[in-house]
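Residue numbers (my numbering), protein chains in the order written: chain A, 7 to 124; chain B, 215 to 322. A quick write-up on the structure given underneath.
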Amino acid sequence: GAVVSQHPSWVICKSGTSVKIECRSLDFQATTMFWYRQFPKQSLMLMATSNEGSKATYEQGVEKDKFLINHASLTLSTLTVTSAHPEDSSFYICSARGGAGGSSYEQYFGPGTRLTVT
Amino acid sequence: GQNIDQPTEMTATEGAIVQINCTYQTSGFNGLFWYQQHAGEAPTFLSYNVLDGLEEKGRFSSFLSRSKGYSYLLLKELQMKDSASYLCAVRERRELIFGTGTRLQVFP
Numbered sequence: 007g008a009v010v011s012q013h014p015s016w017v018i019c020k021s022g023t024s025v026k027i028e029c030r031s032l033d034f035q036a037t038t039m040f041w042y043r044q045f046p047k048q049s050l051m052l053m054a055t056s057n058e059g060s061k062a063t064y065e066q067g068v069e070k071d072k073f074l075i076n077h078a079s080l081t082l083s084t085l086t087v088t089s090a091h092p093e094d095s096s097f098y099i100c101s102a103r104g105g106a107g108g109s110s111y112e113q114y115f116g117p118g119t120r121l122t123v124t
Numbered sequence: 215g216q217n218i219d220q221p222t223e224m225t226a227t228e229g230a231i232v233q234i235n236c237t238y239q240t241s242g243f244n245g246l247f248w249y250q251q252h253a254g255e256a257p258t259f260l261s262y263n264v265l266d267g268l269e270e271k272g273r274f275s276s277f278l279s280r281s282k283g284y285s286y287l288l289l290k291e292l293q294m295k296d297s298a299s300y301l302c303a304v305r306e307r308r309e310l311i312f313g314t315g316t317r318l319q320v321f322p
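Below is the structure:
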């Protein structure tokens, strides 16, 4: 089946620093990738949608200058949290869809990255 | 706007049947998904409905009524490992919009 990986699985950083999270589709080409954020005991909130080679579309209320998304290839998307603050501490989950090797309707989720900003 | 509602918490007994409801109001509709999520892990796919009716998959079934903006997930023969959050999600255009999620606790 289609597999999506994320790296790192967890990260602790100091306030003011930047953190990059990678999302890879391992056995299929992801034409579209999604980034979600999940706070404890809450559901997933969509942050942005990106297509390979084009700019990401951000959801209302998500700062595009703070959460930089790069979808440079059909198998890799990165999310960079710039100038992180404690309120950015959350579980970040990427998801990928589409292309050969993956189903046309299903969205495959990565294992998530837990970010803690101290 | 988008509105996808589920009960916040449910409890049930091992071996029983539980139905988790989801109502939605979205600007677009390209299918409804159910996911299971254990604490600290990513969601895993359970079911997908795009036409009205019931989809059965082992112990799990999912129902959709597009005219009523309503879906449910039915879990039969509950097991302790079914204790998890269950997320209803609607695909509006390309993206999945998630509901509030239902935390299900199964007791012996």
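For glycine and all other residues, C-beta sits at the position ideal for the given N, C-alpha and C.
- Assigned with DSSP and collapsed to three states, residue 295 of chain B falls in helix.
- In its chain, beyond the 5 residues on either side, 42, 44, 50, 115, 116, 118 have a beta carbon closer than 7 Å to the beta carbon of residue 99 of chain A.
- In this structure residue 30 of chain A is buried. Its beta-carbon is surrounded by 16 or more other beta-carbon atoms within 10 angstroms.
- Here the region 298 to 315 of chain B makes contact with the region 219 to 230 of chain B; the two share three or more CB pairs at distances below 8 Å.
- Only 47, 48, 49, 50, 51, 52, 55 from the region 47 to 67 of chain A bring a Cβ to less than 8 Å from some Cβ of chain B.
- Close partners of residue 315 of chain B in chain A (Cβ separation under 7 Å): 49.
- For residue 308 of chain B, the nearest CB of chain A lies under 8 Å from its own CB, placing it at the interface with that chain.
- At the C-beta level, residue 36 of chain A and residue 102 of chain A come within 8 Å of one another.
- For residue 223 of chain B, the nearest beta carbon of chain A is not closer than 8 Å to its own beta carbon.
- For residue 23 of chain A, the closest Cβ of chain B is not nearer than 8 Å.
- With contacts defined by Cβ atoms closer than 8 Å, residue 233 of chain B and residue 299 of chain B do not form a contacting pair.
- Chain-order list of chain A residues neighbouring residue 277 of chain B: empty, with the shortest C-beta distance near 18 Å, by a criterion of under 8 Å.
- Residue nearest to residue 83 of chain A within the set A/65, A/92, A/66, A/39 is A/39 (criterion: CA-CA distance).
- Put simply, of B/268, B/254, B/289, B/240 the residue whose alpha carbon is nearest the alpha carbon of residue 279 of chain B is B/268.
- Relative to residue 85 of chain A, the option among A/56, A/66, A/67 whose CA is nearest is A/56.
- Under the DSSP assignment, residue 319 of chain B falls in the beta strand (DSSP E) whose first and last residues are 316 to 321.
- Counting along the chain, the unbroken beta strand (DSSP E) around residue 96 of chain A starts and ends at 96 to 103.
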